[in-house]
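Numbering (the working numbering), first residue to last: 955 to 1130.
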């Protein structure tokens, strides 16, 4: 039993009973690992803060060849297209949809979005070397990216509303 405890203790220090490493060396190694971890954590935090700060500087508009226009301002976005408007913020993507005769914003989580801030920045960079996009800097106002005053629903709530509408019309949804 004592031998097992000694083996566990030395394993925790990063070695085996036959290692030549002294206790001081093990402590120094642990301190170095802790310092490396702290530096890595600080670097990740700084990178996240820099990304957030860079979003505060974003202000541009891109018009694509198909007539779609994208607006970006400080962490918010809007896409206008022949199919309707879509809005973006750090919490999600919102698409204007009809829910039984009422216009609503349907919210999709950011991880399910097909566009994000990085995509918009890439579009701006692309506009410098291609005719696909025509972009302008510092032309977007808060009014350009403001979401309309409409009810916001999740996709599940939206689908439930549509099913409710089918029931009110005497229709039953297909069973599948």
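Cβ atoms here follow ideal geometry from the backbone N, Cα and C, with glycine treated the same way. Just so it is clear, the structure is predicted and the values come from calculations on it, not from any experiment.
Exposure of residue 1094, with buried meaning 16 or more beta-carbon neighbours within 10 Å: By the 10 Å Cβ count, residue 1094 comes out buried.
Tell me whether residue 1053 is buried or exposed, calling it buried when 16 or more other Cβ atoms sit within 10 Å of its Cβ. By the 10 Å Cβ count, residue 1053 comes out buried.
Threshold first: 4 residues or longer. Then list the alpha helix (DSSP H) segments lying entirely within the region 1023-1109, N to C. Given a length threshold of 4 residues, each whole run of the alpha helix (DSSP H) inside the region 1023-1109 is given here in chain order: 1071-1081 and 1096-1099.
Could you work out which residue in 1012, 1099 and 1075 is closest to residue 1047 when comparing CA atoms only? The candidate whose alpha carbon is nearest that of residue 1047 is 1099.
Report yes or no: do the region 1102-1115 and the region 1049-1064 share at least 3 C-beta pairs separated by less than 8 Å? Taking 8 Å as the limit for Cβ pairs, the verdict is that the region 1049-1064 does touch the region 1102-1115.
Exposure label - residue 1082; buried when at least 16 CB within 10 Å: Result: exposed.
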